[in-house]
Amino acid sequence: MNVAVVGLGPMGQAMARTFLAHGYSTTVWNRTPSRADAVVAEGAVRAATVAEALRADVVVLSLTDYQAMYDILGAEDLSGRVLVNLSSDTPSRSREAAAWVASRGGTLVVGGIMVPSPLVGTEQSYVFYSGPREVFDGVSAVLAVLGRPDYRGEDPALAQLFYQAQLDIFLTSLSAFLHASALVGSAGVAAADFVPYAVENFQMMGYYLADAAAGIDAGEYPGDQANVIMMGATADHIVGASRDAGIDLGLPAAVKAHYDGAIAAGNGRAGWTSLIEVIKKGS
């Protein structure tokens, strides 16, 4: 098979280099042609037009969002084309995009790559995929060079759902570390001095997850170890400490709001996992 990569930001360039490293004939295209210079010098073929790139057996899209796909491919013939969109967007837009591609005669495989660009193609790399199983199976060997393929099902939304859920944990955790660093930093503590404690805390989090998931799936939230009222008091203390330190209250206030909501719903004596009922209801 030959491969095309459309979109040559850092992630797209990393994917093109990975395909080249595994011996695939790789065509590249970018709206700003100079973005292709480096990978062309390394052996990629520059497509003069996006229509030329679409002639490849597998076309991988690495764009800002799904709107960029519409902007770039809106006037192109997609008949018989297999598009693998590794751009980030919402699950519902993935479904819309799959229907859009199908209406033009092509097939969309949705993906979400779970590593930064320097780790593409390494052992740490894995990629969520969803879409038509038969089509995915036909291109999975090619895609596997980017990272371990993790196929989640036929629904085009599923890959983005898993992808965004993982980023939900990742981005929130990074903000939590920054907020905590600012909290201790208000007393002159260097972030580097705080790091060992933060690392230990992050590593310990895994201890809770399997039991928490079992309770969530069963709808059972025992509070014999630590209930919502107890942990809600801690959440309130974090808000107070942050206020005293003069730092942003947005993140701890959001966490406290979950505990307040659980208490208001009568779940004060339940475990912390009962917060999911507040979260599921939304605003």
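At position 96 of the sequence shown the residue is numbered 1228 (the working numbering), and the sequence of numbers has no breaks. Idealized CB from N, CA, C, for every residue including glycine.
Residue interval of the alpha helix (DSSP H) (run including residue i)
| i | result |
| --- | --- |
| Gly-1398 | Segment: none, Gly-1398 is in no alpha helix (DSSP H) and carries neither H nor E. |
| Val-1410 | 1407 to 1413 |
| Ala-1146 | 1142 to 1153 |
Close Cβ partners of residue i (< 6 angstroms) along its chain, the five nearest in sequence each way excluded
| i | result |
| --- | --- |
| Thr-1159 | Ala-1136, Val-1177, Ala-1179, Ala-1185 and Ala-1188 |
| His-1311 | Leu-1383 |
| Ser-1157 | Asn-1134 |
| Ala-1367 | Val-1387, Lys-1388 and Tyr-1391 |
| Ile-1245 | Leu-1218 and Val-1259 |
Range covered by the beta strand (DSSP E) that runs through residue i
| i | result |
| --- | --- |
| Gly-1244 | 1239 to 1245 |
| Ala-1136 | 1135 to 1138 |
| Val-1259 | 1258 to 1262 |
Own chain partners of residue i with C-beta closer than 7 angstroms, once the 5 adjacent residues on each side are dropped
| i | result |
| --- | --- |
| Asp-1197 | Ser-1219, Ser-1220 and Asp-1221 |
| Gln-1256 | Val-1247 |
| Arg-1149 | Val-1171 and Glu-1174 |
| Arg-1213 | Leu-1186, Val-1191 and Gly-1238 |
| Leu-1315 | Ala-1373, Ser-1374, Ala-1377 and Ile-1379 |
Nearest-angstrom beta carbon gap, residue j and residue i [assumed within contact, 8 angstroms]
| i | j | result |
| --- | --- | --- |
| Pro-1165 | Leu-1240 | Rounded, the Cβ-Cβ distance is 26 angstroms, inconsistent with contact. |
| Val-1233 | Leu-1210 | 6 angstroms |
| Val-1190 | Ile-1204 | At roughly 17 angstroms, the Cβ-Cβ gap does not stay under 8 angstroms, so Val-1190 and Ile-1204 are not in contact. |
| Val-1242 | Ala-1200 | With a Cβ gap of about 15 angstroms, Val-1242 and Ala-1200 do not count as contacting. |
| Ser-1249 | Met-1363 | The pair is not a contact, with the Cβ atoms about 38 angstroms apart (cut-off 8 angstroms). |
| Phe-1309 | Ala-1322 | Contact flag wrong, Cβ pair sits at about 14 angstroms. |
| Leu-1168 | Asn-1162 | According to the sequence displayed, residue 1168 carries Ala and not Leu. Right, their Cβ atoms sit about 5 angstroms apart. |
| Leu-1275 | Val-1216 | 7 angstroms |
Residues near residue i in its chain [Cβ-Cβ closer than 8 angstroms; skip 5 each side]
| i | result |
| --- | --- |
| Ser-1194 | Val-1137, Val-1138, Gly-1139, Leu-1140, Gly-1141, Met-1143, Gly-1144, Met-1147, Leu-1218 and Ser-1219 |
Any 3 or more C-beta pairs closer than 8 angstroms across the stretch 1254 to 1267 and the stretch 1178 to 1188: Flag = no, the stretch 1254 to 1267 and the stretch 1178 to 1188 do not touch.
4-residue-minimum alpha helix (DSSP H) runs that sit fully inside the stretch 1307 to 1384, ordered along the chain: Correct list: 1323 to 1350 and 1360 to 1377.
Those runs of the alpha helix (DSSP H) which lie wholly inside the stretch 1273 to 1305 and span at least 4 residues: The stretch 1273 to 1305 contains no whole alpha helix (DSSP H) run of 4 or more residues.
The stretch 1283 to 1298 touching the stretch 1216 to 1227, judged by at least three CB pairs closer than 8 angstroms: yes
Stretch pair the stretch 1265 to 1281 + the stretch 1166 to 1176: three plus CB contacts closer than 8 angstroms: With a cut-off of 8 angstroms, the stretch 1166 to 1176 and the stretch 1265 to 1281 do not count as touching, because too few Cβ pairs lie within range.
Alpha helix (DSSP H) runs wholly inside the stretch 1162 to 1250, at least 4 long, in chain order: 1169 to 1173, 1182 to 1185, 1198 to 1205 and 1223 to 1235
Inter-stretch contact (C-beta, 8 angstroms, three-pair minimum) for the stretch 1395 to 1404 and the stretch 1347 to 1365: yes
The stretch 1338 to 1349 in contact with the stretch 1391 to 1400 per 3-pair CB rule at 8 angstroms: no
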